[in-house]
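Visitor:
In the UniProt record's numbering, the protein residues as written are 1 to 104.
1. Quick one: using the 10 Å Cβ neighbour count with 16 as the cut-off for buried, is residue 55 buried or exposed?
2. Quick check: the Cα distance between residue 4 and residue 72, rounded to an integer number of angstroms?
3. For residue 82, is the classification buried or exposed, using 16 other Cβ atoms within 10 angstroms of its Cβ as the cut-off for buried?
4. Could you check what DSSP says for residue 39 in three-state terms: helix, strand or coil?
5. My output table needs one value for residue 102: the three-state DSSP class, helix, strand or coil.
6. Any idea what DSSP makes of residue 74, helix, strand or coil?
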C-alpha cells in the first residue's frame, strides 16, 4: 500500500515466516538497501559480495515477497563528513532475485 508521501512499507521476513523489521522506500530496492546495511559488514566489498545473504521483504498490504541477495562492507567515511560521523561507515548493496506470492 502506498502512503500519502509515495513510500511503501516492506517487512523483513525470516525463513520461518516471522516478520521483524519494517523498512520504507518508494521502491523495493530502496528498502532492501536499508536492510542490507544492518548485516554484519565484511572488510571489503569483494569479500562481502562473496558471502551475500538472501533477504526477503514482504510489501505490506499485498502478498508479494521481494527476494534479494544482500551484502554489506566497512568503508572509510568521506573527507567532507560531519563532525559527529565516525571514521568508518557501513555500505550495502543488493541484487534482486525475484518476487514470490504468498499462499496464506
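Even for Gly, the Cβ is constructed at its ideal location relative to N, Cα and C.
Guide: The structure says:
1. Position 55 of the chain shown, counted from the first residue, corresponds to residue 55. It counts as buried.
2. As a first step, residue 4 must be located in the chain shown, where it is residue number 4. As a first step, residue 72 must be located in the chain shown, where it is residue number 72. Straight-line Cα distance between these residues: approximately 31 angstroms.
3. In the chain shown, residue 82 corresponds to position 82, counting from 1. By the 10 Å Cβ count, residue 82 comes out exposed.
4. Here residue 39 refers to the residue found at position 39 when the chain shown is read from its first residue. Correct three-state label for residue 39: coil.
5. Start at 1 with the first residue of the chain shown, and residue 102 comes out as number 102. For residue 102, the three-state secondary structure derived from DSSP is coil.
6. Taking the first residue of the chain shown as position 1, residue 74 is located at position 74. It is a strand residue.
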